[in-house]
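Since the structure comes first, as structure tokens, the remarks are kept for the end.
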Amino acid sequence: MAAASEFPLDVAGAISVWFETLLYGIYTCLFFSYAYLTLRKRMLFTVPSKVFFIGTCIMYANCTAHIALNLYRLLRGYVYLRDSVGPENYFNDLGRMDNIAHDALNAIQTWMGDSLIIYRCYLVWGNNPYVIILPVLLLVVSIVSNSVALHLFTQVPLGTIFSPTLLAWMNTIYATAFAQNALTTGLIAYRIWRQEMSSRAAGLRGGSSESSLLPAVRIMVESAALYMALLLCLIVLYAQGHNGQFVMQEASVPAIGIVFCLISVRLSLRSYAMWKTTTRSGIVGGMEWKEPTTNITESAGFTTGAAVVLQTNGNSTGTSDVSTAKPDEGEDGEQSSETGEKMIAVIERA
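If you want it as structure tokens, here you go:
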């Protein structure tokens with residue numbers, strides 16, 4: 006294709022590995038920040054938090070294996086087989102076992118990311134299985150289409166990544182990934198937004214950013230938009246038969262992990278900043294708010310509040326619960342407020 010010839014495959018191969026390595030460096034910083042915040046805040050006390058932490062670690066290990074395999078392929082294509090095969094023919098040979106393994110790791114990263122975001126959506130919607138029926142079906146479609154494509158890689162001739170045999174399956178893979186992320190992110194954002202509106206209607210939250218759940222929606226949408234923009238570029242480039250799609254394809258592996266860690270780190274830092282602002286505000290009504298202790302109340306597996314020490318003139322007067330110490334709230338008000346905090350806890354631990 007003309008579009009492919011304008012951007013030679015050997016050039017695309019080198020740039021794709023460089024770009025993935027760049028994103029992997031960003032991913033590494035975010036992953037260890039996420040791990041540090043998770044372990045330091047002792048957040049691994051529920052099943053969901055453990056699932057997300059283990060899943061995120063598996064995704065990072067998978068990405069590390071993917072970039073190591075890409076380094077191996079880079080050396081073989083540009084150094085060891087440069088004279089006998091050549092870089093372009095090497096990368097065009099889809100049936101090579103290292104290429105099959107490389108694409109399999111790519112697919113596993115996508116499946117892991119989709120599974121975790123579906124689980125997150127399930128938790129945010131109060132463990133409602135009906136909400137995730139369509140996302141689960143899209144995940145099944147993704148698994149089937151990726152598996153068929155991997156099988157076809159061993160059957161097609163050299164240099165046929167843009168052939169009609171693969172075109173339908175590759176388009177299905179990319180379109181399904183885009184739809185999956187748009188749907189699940191939209192469902193999570195809508196659920197949090199609806200809870201925020203309910204809380205405001207009940208008079209539980211003001212319009213200030215300190216008490217609003219809407220910044221969590223913004224963080225979710227902004228972070229997911231990065232990966233969705235990459236997928237959109239990938240869909241367009243593949244449809245045009247442009248070798249630039251290889252660059253976007255390699256970048257998608259660390260990008261999936263970046264999105265998950267970025268959401269958790271940003272929410273965790275925002276929570277800390279809000280707590281710091283509260284503690285620095287001084288004595289309010291004769292009471293000084295101290296850092297939350299490890300006395301944490303749980304409901305449905307999520308943190309609903311943390312015991313804090315109230316001090317008057319330097320003397321401890323007892324404990325209270327941050328999320329439930331609101332004056333003149335009825336039972337419905339407390340439940341609505343706690344539900345909102347649980348949602349943020351779910352996303353922060355993801």
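Converting from the sequence shown to our numbering requires adding 5 to each position, the first position being numbered 1.
All C-beta atoms in this analysis are idealised placements derived from N, C-alpha and C, irrespective of residue type, glycine included.
Checklist entry - Apart from the five residues on each side of it in sequence, which residues of its chain come closer than 8 Å, Cβ to Cβ, to T177? => result Locating residue 177 in the sequence shown gives position 172, where the first residue counts as 1. Correct list, in chain order: V146 and S150.
Item to check | Residue of L14, V56, H71 and Y65 minimising C-alpha distance to E255 | outcome: Locating residue 255 in the sequence shown gives position 250, counting from the first residue. Across the set L14, V56, H71 and Y65, the C-alpha of H71 shows the shortest separation from the C-alpha of E255.
Checklist entry - Can you list, in chain order, the residues of its chain whose CB lies under 7 Å from that of L35, leaving out five sequence neighbours each side? => result For the purposes of this step, residue 35 is identified with residue 30 of the sequence shown, where counting begins at 1. If you ignore the 5 residues before and after L35, its C-beta comes within less than 7 Å of the C-beta of I263, C266, L267 and V270, all in its own chain and listed in chain order.
Item to check | Beta-carbon proximity of M117 to A187, cut-off 9 Å | outcome: As a working note, residue 117 is residue 112 in the sequence shown. As a working note, residue 187 is residue 182 in the sequence shown. Cβ distance not < 9 Å, so M117 and A187 don't count as in contact.
Checklist entry - Considering only the beta carbon of each residue, do K90 and D98 sit closer than 9 Å? => result In the sequence shown, counting from the first residue as 1, residue 90 sits at position 85. In the sequence shown, counting from the first residue as 1, residue 98 sits at position 93. The sequence as given places Val at residue 90; Lys does not occur at that position. When the beta-carbon positions are compared, V90 and D98 come within less than 9 Å of each other.
Checklist entry - In or out: Y124 buried (at least 16 other Cβ within 10 Å) or exposed? => result Counted from its first residue, the sequence shown places residue 124 at position 119. By the Cβ neighbour-count rule, Y124 is buried, with 16 or more other Cβ atoms within 10 Å of its own.
Checklist entry - How many Å lie between L237 and F183 at the Cα? => result For this step, residue 237 is matched to residue 232 along the sequence shown. For this step, residue 183 is matched to residue 178 along the sequence shown. Across the structure, L237 and F183 are spaced so that their CA atoms are roughly 7 Å apart.
Checklist entry - From F24 to V252, what distance separates their C-alpha atoms? => result For the purposes of this step, residue 24 is taken as the residue at position 19 of the sequence shown. For the purposes of this step, residue 252 is taken as the residue at position 247 of the sequence shown. Here the alpha carbon of F24 sits roughly 7 Å from the alpha carbon of V252.
Checklist entry - What separation, rounded to the nearest whole angstrom, lies between the Cα atoms of L172 and Q245? => result Along the sequence shown, one-based indexing puts residue 172 at 167. Along the sequence shown, one-based indexing puts residue 245 at 240. Distance from the CA of L172 to the CA of Q245, rounded to the nearest whole angstrom, comes to 11 Å.
Checklist entry - I think F12 touches H247, with their Cβ atoms under 8 Å apart; what is that distance to the nearest whole Å? => result To locate residue 12, count along the sequence shown from 1; it is residue 7. To locate residue 247, count along the sequence shown from 1; it is residue 242. Between H247 and F12 the Cβ distance is about 6 Å, and since that is below 8 Å, they are a contact.
Checklist entry - Which of the three DSSP states, helix, strand or coil, is assigned to A187? => result As a working mapping, residue 187 is identified with position 182 in the sequence shown. Residue state, collapsed to three classes: helix.
Checklist entry - Straight-line CA distance for L76 to G82? => result In the sequence shown, residue 76 corresponds to position 71, counting from 1. In the sequence shown, residue 82 corresponds to position 77, counting from 1. The alpha-carbon atoms of L76 and G82 are separated by roughly 10 Å.
Next on the checklist: Helix, strand or coil for R223? Go by DSSP, reduced to three states.
Outcome noted: To locate residue 223, count along the sequence shown from 1; it is residue 218. In the three-state DSSP reduction, R223 falls in the helix class (H, G or I).
Checklist entry - For the candidate residues L235, C68, P259 and R196, whose alpha-carbon lies nearest to that of Q250? => result Here residue 250 refers to the residue found at position 245 of the sequence shown. Comparing Cα-Cα distances from Q250 to each of L235, C68, P259 and R196, the minimum goes to L235.
Item to check | Span of the alpha helix (DSSP H) around V146 | outcome: Working through the sequence shown from its first residue, we reach residue 146 at position 141. It spans I138 to F158 - the alpha helix (DSSP H) in which V146 sits, taken as one unbroken run.
Checklist entry - Nearest to L79 by CA position, among N94, S120 and I261, is which residue? => result For this step, residue 79 is matched to residue 74 along the sequence shown. That would be N94, whose Cα lies nearest to the Cα of L79.
Item to check | Range covered by the alpha helix (DSSP H) that runs through V22 | outcome: As a working mapping, residue 22 is identified with position 17 in the sequence shown. Where V22 is concerned, the enclosing alpha helix (DSSP H) stretches over L14 to R45.
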